[in-house]
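Heads up, the thing below is written out as structure tokens.
Protein chains in written order, with this note's numbering: chain A, 1 to 236; chain B, 237 to 320.
Right, here's the structure in full:
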């Protein structure tokens with residue numbers, strides 16, 4: 001399995017992602033400049049990462065311009081063929097704008113940029129990204145976003161529930177997903193989802209900033225190991 | 237022919253507009269108490285080359301649907317005028 005990290009003008013979590021995948025998990029990883037038009041070195045076994053940042057300065061709407069970068073046709077094709085795609089923060093916004101994931105990310109409800117560690121409750125472990133977690137596990141990792149309020153219409157929300165597509169909800173340390181813990185006003189505290197087929201994932205929090213002891217948080221490792229299907233003792 | 241389009245983009249009525257809410261809450265700070273329910277959207281102006289107004293309208297609509305507007309969160313309307 002190999003990883004490709006897309007780099008847009010304004011991406012700023014690409015190096016963190018390359019470091020975690022390459023150095024912490026010792027997996028093959030390469031950066032892909034957004035001007036590329038193909039993903040010739042990647043098969044559907046591989047994972048394309050759409051990292052966090054402020055692609056195109058968040059102009060128009062977060063992710064709206066990046067969604068039309070030359071590489072995105074190949075990324076969409078990769079996803080449609082069943083290849084793995086993982087979008088974090090701005091990457092999640094881009095995947096929603098591209099229509100690879102349902103819904104949209106709106107301005108946080110209190111009009112503030114939020115940068116802090118939060119608790120996520122794992123809603124399902126039947127999806128690749130969370131397969132090594134237990135349902136209701138609590139993971140601590142940082143969020144850093146201004147446009148993180150997940151929104152979709154009632155029909156889409158029902159479909160997300162019916163198809164087990166809700167991966168994470170904002171929670172407190174007791175596992176309660178109250179309105180108080182809903183840091184950005186997301187619909188039903190939703191922090192991360194996947195598509196119906198289960199090969200495309202998006203989340204606002206940053207597991208790549210919570211995957212090594214040096215930074216004090218390691219819960220993100222569970223997601224990477226699930227994604228990579230690594231044995232639990234692999235991470236350094 | 238060249239047309240100028242003026243596009244109004246607004247967040248859907250049922251969605252919280254935090255910018256508008258913040259402005260509403262702060263207008264009393266400058267002594268204005270009679271204003272309520274501020275909602276903030278975007279105004280886009282653009283020029284479009286087309287054979288006639290119908291074609292111009294189609295092009296602008298396509299630009300809105302594909303890029304300028306995210307219809308999950310926003311609605312839009314626009315007017316066209318011949319550019320003098």
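All C-beta atoms in this analysis are idealised placements derived from N, C-alpha and C, irrespective of residue type, glycine included.
If you draw a straight line from the alpha carbon of residue 138 (chain A) to that of residue 185 (chain A), how long is it in whole angstroms?
The alpha-carbon atoms of residue 138 (chain A) and residue 185 (chain A) are separated by roughly 19 Å.
Just to confirm the assignment, what range does the alpha helix (DSSP H) spanning residue 117 (chain A) have?
Not the alpha helix (DSSP H): residue 117 (chain A) falls in the beta strand (DSSP E), residues 114-122.
Output needed in chain order: residues of the region 306-317 of chain B with a Cβ under 9 Å from some Cβ in chain A.
306, 308, 309, 310
Cβ neighbours of residue 212 (chain A) in the same chain (closer than 6 Å, five flanking residues each side left out):
Answer for residue 212 (chain A): 24, listed in chain order.
By DSSP, does residue 258 (chain B) sit in helix, in strand, or in coil?
helix
Answer yes or no: do residue 13 (chain A) and residue 88 (chain A) have a C-beta to C-beta separation smaller than 8 Å?
yes
State the start and end residues of the unbroken beta strand (DSSP E) segment that holds residue 204 (chain A).
Per DSSP, residue 204 (chain A) belongs to no beta strand (DSSP E) and is neither H nor E.
Below 9 Å on C-beta distance, what does residue 303 (chain B) contact in chain A?
60, 64, 65, 67, 68
Roughly how many whole angstroms lie between the Cα atoms of residue 124 (chain A) and residue 222 (chain A)?
The straight-line gap separating the alpha-carbon atoms of residue 124 (chain A) and residue 222 (chain A) is approximately 13 Å.
Can you confirm whether the region 108-115 of chain A touches the region 62-76 of chain A when touching is taken to mean that 3 or more C-beta pairs between the two stretches lie within less than 8 Å?
no
Same chain, Cβ closer than 6 Å to residue 20 (chain A), five either side skipped, listed in chain order:
208, 211
Determine the direct distance from the alpha carbon of residue 244 (chain B) to that of residue 278 (chain B), and round the result to whole angstroms.
6 Å
State the start and end residues of the unbroken beta strand (DSSP E) segment that holds residue 154 (chain A).
That residue, residue 154 (chain A), is in no beta strand (DSSP E); its alpha helix (DSSP H) goes 154-162.
Could you check how far apart the C-beta atoms of residue 303 (chain A) and residue 178 (chain A) are, in whole angstroms? I think they sit under 8 Å.
One cannot answer for residue 303 (chain A) here, as it falls past the ends of chain A, which runs 1 to 236.
At 7 Å on the CB atoms, spell out the chain A contacts of residue 258 (chain B), in chain order.
111
Any chain B beta carbon closer than 8 Å to residue 7 (chain A):
no
So who's on the other strand from residue 145 (chain A), going by DSSP bridges?
A:114
I'd like to know whether the C-beta atoms of residue 50 (chain A) and residue 94 (chain A) end up nearer to each other than 8 Å.
yes
How far does the alpha helix (DSSP H) with residue 225 (chain A) in it reach, from first residue to last?
220-228
Is residue 251 (chain B) close to chain A, meaning its C-beta is less than 8 Å from at least one C-beta of that chain?
Yes, residue 251 (chain B) counts as interfacial toward chain A.
Do you know offhand how far residue 255 (chain B)'s Cα is from residue 145 (chain A)'s?
16 Å
When Cβ atoms are compared, which residues of the region 254-287 of chain B fall closer than 7 Å to chain A?
254, 255, 258
Contact check, residue 26 (chain A) vs residue 53 (chain A) under 8 Å by CB: the rounded distance?
With 8 Å as the limit, residue 26 (chain A) and residue 53 (chain A) do not qualify as a contact, their Cβ atoms being about 25 Å apart.
Quick one: measure Cβ to Cβ for residue 310 (chain B) and residue 281 (chain B), integer angstroms, because I've assumed they're closer than 8 Å.
Not a contact, Cβ separation roughly 17 Å.
Nonlocal neighbours in the same chain, by C-beta distance under 7 Å from residue 236 (chain A), ignoring five residues either side
Bear in mind that the predicted position of residue 236 (chain A) carries a pLDDT of just 48, short of 50, making it too unreliable to give a figure here.
Go through the region 28-93 of chain A residue by residue and report every complete run of the alpha helix (DSSP H) that reaches 4 residues or more, in order.
71-80
Could you check if residue 113 (chain A) is buried or exposed, using at least 16 other CB atoms within 10 Å of its CB as the buried criterion?
exposed
Under the three-state reduction of DSSP, which class applies to residue 315 (chain B): helix, strand or coil?
strand
Does DSSP classify residue 236 (chain A) as helix, strand or coil?
Caution is warranted here: a pLDDT of 48 is assigned to residue 236 (chain A), below 50, making its placement in the model unreliable, and the coordinate value is therefore given only provisionally. Residue 236 (chain A) falls in the coil class under three-state DSSP.
Three-way DSSP call (helix, strand, coil) for residue 264 (chain B) in this model:
helix
Closer than 9 Å by beta-carbon distance: list the chain B residues that pair up with residue 185 (chain A), in chain order.
252, 254
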